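*Asks:*
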Amino acid sequence: MAAKTDDKPPTPPGVEGTHNRLEPPAAGAQIGKRWRELQGANDWKGLLNPLDEDLRAEIIRYGEFAEVTYDAFDFDKHSQYCGSCKYSKKNLFKEVELHNTGYIVTRYIYATANVEVPYILRKSEREDAWSSKSNWMGYVAVSTDPEEIKRLGRRDIMVVWRGTQTGLEWAANFADKLIPAVLMPHAAKPAHVPLTKVKVEAGFFSLYTSANPDSKFNQISAQDQLQMEMRGLVDKYKNEPEELSITICGHSLGSALATLSAYDFAESGFNKLSVGDKNLAVPITVFSFAGPRVGNSAFKKRIEEIGVKVLRMVNVNDKVPRVPGVLVNENVPSLENLLDNLPWTYSHVGVKLELNDKHSKHLNQEKSASWTTHNLEVYLHLVDGYGRYDKLPIRDLVLVNKRCGFLKDDKFVPEEWWQLKNKGLQYFPDQRRWYQPPRALEDVPVPPKQETIDKVNFLKSNGQMNVLTAGHEADDKTAPITDLPKVAA
3 MAAKTDDKPP TPPGVEGTHN RLEPPAAGAQ IGKRWRELQG ANDWKGLLNP LDEDLRAEII
63 RYGEFAEVTY DAFDFDKHSQ YCGSCKYSKK NLFKEVELHN TGYIVTRYIY ATANVEVPYI
123 LRKSEREDAW SSKSNWMGYV AVSTDPEEIK RLGRRDIMVV WRGTQTGLEW AANFADKLIP
183 AVLMPHAAKP AHVPLTKVKV EAGFFSLYTS ANPDSKFNQI SAQDQLQMEM RGLVDKYKNE
243 PEELSITICG HSLGSALATL SAYDFAESGF NKLSVGDKNL AVPITVFSFA GPRVGNSAFK
303 KRIEEIGVKV LRMVNVNDKV PRVPGVLVNE NVPSLENLLD NLPWTYSHVG VKLELNDKHS
363 KHLNQEKSAS WTTHNLEVYL HLVDGYGRYD KLPIRDLVLV NKRCGFLKDD KFVPEEWWQL
423 KNKGLQYFPD QRRWYQPPRA LEDVPVPPKQ ETIDKVNFLK SNGQMNVLTA GHEADDKTAP
483 ITDLPKVAA
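Under our numbering, residue 491 is the last one in the sequence shown; the count climbs by one each step, no gaps.
This is the structure we're talking about:
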């Protein structure tokens, strides 16, 4: 008879996967009856302390979908395809060992920027690079497996944004200017918050809305690519018997883009449906990991007004969620009543789940650094252990060290162990040399189709597509740092 392991907690529903799930979720792991609650319909009241086990499972599940963007991204500057996804949509989940998800990938998102965004857009050093202007920034997926749809209680349309794991370096360059985010031609819902006051960080906005005629991957912006795909999916499934949800997730920079795109979706109104004699709204939820502030207090209020739900996972020792707005933000009591009149004041949105890496007995605090406290796998480890650090973790501890070395030495796990075999080089005996082989044809990046580009341009020119555009920037620059009072973050 096998020895009893009373100290090991049973695996909560949904936490069997995805990296560690070799079989589909058990039939008992149904969350369908409470999916709206778990998606934030009641702002997660009563679910965070203690952390609801179904919600814990959902946070980890969406976090692992976000982790895909790191596992599949080509970071190698020597690669012809640096800045792209290494795998095709068809093979994406399989290649990163994400099994039995019940989702299929329907679209890759490519982004460029019309402002400087250091540390964000990776470029190949080769002359034959696939693109010098664009990067793969995420993907769209939809739940199609009948059993997963049944388990979830709805069909889920998911957007996943790629972020950055480099700590504060990139964030330091995203703090100079808030600009008005104006919806053209009009908002879908009357606003109590004057839309001219809604401002977002210029770098995030540029990544989301920029097009570049010199890049075949960004003839249309990430926003345009995403809106066309989401509109098509909502229209495709709106008459199906299953309810729909829109879930957007991301880590770090990806969290900022997730929040901005959620605002765009709701403000544009394409989640508002007329089905038969019923008017329905597809709920929009953001699961944010280590996200920075995105906009000002008017942006925060407008997000709440149009019904977007945001759950922010924040490690208190991670500095990225403190920016932009390290000096002046929503946590400064003396400025609370002045926020609406301070165009350079940033505010967080949504509900916060506060984590603390110092509470985990498995992490070596002597190795604590900006990139370890910010790491997504560390965040998922902290969610896994939240409120039960005295018990054995359910997620494999090995995952913590995929891209850092935060585990204690007695775990005997190599640091930064996730990498391609031989760093992508292959030996060719007939030539007696090593080199990077050509990509399989199916894994070569594919730009948006011309018919999609033409349709976007047609809809925009005829005022049939609501898109975010930058308003007048006069008087919207942040106050110089030297002129601001130094206050605590």
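Where is the CB? At the ideal position from N, CA and C, for every residue including glycine. If you're wondering where the values come from, they're calculated on a predicted model, not measured in any experiment.
Can at least three beta-carbon pairs, one atom from the stretch 140-156 and one from the stretch 235-251, be found at a separation below 8 angstroms?
*Replies:* Verdict: yes, contact present.
*Asks:* Could you please give me the residues that DSSP links to Q428 through a beta bridge?
*Replies:* As a position in the sequence shown, residue 428 is number 426, starting the count at 1. In DSSP, Q428 forms a bridge with Y437.
*Asks:* Tell me the residue span of the beta strand (DSSP E) that contains K302.
*Replies:* Position 300 of the sequence shown holds residue 302. Here K302 belongs to no beta strand (DSSP E); instead the alpha helix (DSSP H) covers 299-307.
*Asks:* How many angstroms separate the CA atom of K162 from the CA atom of I111?
*Replies:* Here the question's residue 162 lines up with position 160 in the sequence shown. Here the question's residue 111 lines up with position 109 in the sequence shown. According to the sequence displayed, residue 162 carries Val and not Lys. One C-alpha to the other measures close to 9 angstroms.
*Asks:* So, are the CB atoms of V200 and L262 less than 8 angstroms apart?
*Replies:* Translated into positions along the sequence shown, residue 200 becomes position 198. Translated into positions along the sequence shown, residue 262 becomes position 260. No, they are not a contact pair.
*Asks:* Between the Cα of G65 and the Cα atoms of F301, V316, K274, which residue gives the shortest distance?
*Replies:* As a first step, residue 65 is located in the sequence shown; it is residue number 63 there, counting from the start. Here the closest residue by C-alpha is V316.
*Asks:* Could you check if G205 belongs to the surroundings of the ligand GTP, using beta carbon to heavy atom distance under 7 angstroms?
*Replies:* With respect to small molecules bound, the structure shown includes none, and the ligand GTP cannot be examined in it.
*Asks:* Work out the CA separation of K369 and V107 for me, nearest whole Å.
*Replies:* One-based indexing of the sequence shown puts residue 107 at position 105. One-based indexing of the sequence shown puts residue 369 at position 367. When rounded, the distance between both Cα atoms is 36 angstroms.
*Asks:* For M315, name the three-state secondary structure that DSSP assigns.
*Replies:* For the purposes of this step, residue 315 is taken as the residue at position 313 of the sequence shown. Three-state result, M315: strand.
*Asks:* Which class does L100 belong to by DSSP, given the choice of helix, strand or coil?
*Replies:* The residue labelled residue 100 in the question sits at position 98 within the sequence shown. In this structure, L100 counts as coil in the three-state DSSP scheme.
*Asks:* From this set, R304, M230, T375, E242, which residue's C-alpha is nearest G352's C-alpha?
*Replies:* Stepping through the sequence shown from its first residue, residue 352 is reached at position 350. Among R304, M230, T375, E242, the Cα nearest to that of G352 belongs to R304.
*Asks:* Drop a sphere of 10 angstroms on the beta-carbon of F77, count the other beta-carbons inside from all chains shown, and report buried for 16 or more, exposed for fewer.
*Replies:* Working through the sequence shown from its first residue, we reach residue 77 at position 75. Result: exposed.
*Asks:* At the level of alpha carbons, what is the spacing between N377 and V117?
*Replies:* Position 375 of the sequence shown, counted from the start, is the residue given in the question as residue 377. Position 115 of the sequence shown, counted from the start, is the residue given in the question as residue 117. Approximately 26 angstroms between the Cα atoms of the pair.
*Asks:* Measuring CA to CA, which of A264, I308, V277, L275 is closest to S290?
*Replies:* Along the sequence shown, one-based indexing puts residue 290 at 288. Residue A264 is the option with its Cα nearest to S290.
*Asks:* Where does D392 land, buried or exposed, given buried means 16+ other C-beta within 10 angstroms?
*Replies:* Position 390 of the sequence shown, counting from 1, holds the residue named residue 392. Counting Cβ neighbours within 10 Å, D392 comes out exposed, since fewer than 16 surround it.
*Asks:* Can you tell me which residues form a DSSP beta bridge with K201?
*Replies:* On the sequence shown, residue 201 is found 199 positions in, with the first residue counted as 1. According to DSSP, K201 bridges with P182.
*Asks:* Residues in its own chain within less than 7 angstroms of E338 by CB, not counting five upstream and five downstream?
*Replies:* What you label residue 338 is simply residue 336 of the sequence shown in a count that begins at 1. Summary for E338: the model assigns pLDDT 47, below 50, so the residue's position carries little reliability, and this model does not support an answer.
*Asks:* Please classify D130: does DSSP put it in a helix, a strand, or coil?
*Replies:* As a first step, residue 130 must be located in the sequence shown, where it is residue number 128. It is coil, neither helix nor strand.
*Asks:* Am I right that D386 and I159 are in contact with their C-beta atoms under 8 angstroms? What's the rounded C-beta distance?
*Replies:* Taking the sequence shown and counting its residues from 1, one reaches residue 386 at position 384. Taking the sequence shown and counting its residues from 1, one reaches residue 159 at position 157. In fact, because the Cβ distance is near 26 angstroms, the residues do not count as touching under 8 angstroms.
*Asks:* How far does the alpha helix (DSSP H) with D266 in it extend, from its first residue to its last?
*Replies:* Working through the sequence shown from its first residue, we reach residue 266 at position 264. Its alpha helix (DSSP H) spans residues 255-270.
*Asks:* For K91, I'd like the list of residues in its chain whose CB is within less than 6 angstroms of its CB, leaving aside the five on either flank, ordered along the chain.
*Replies:* Counting from 1 along the sequence shown, the entry for residue 91 is found at position 89. Contacts found: V107.
*Asks:* By DSSP, does I250 sit in helix, in strand, or in coil?
*Replies:* Here residue 250 corresponds to residue number 248 of the sequence shown, with the count starting at 1. In the structure shown, I250 sits in a strand (DSSP, three-state: E or B).
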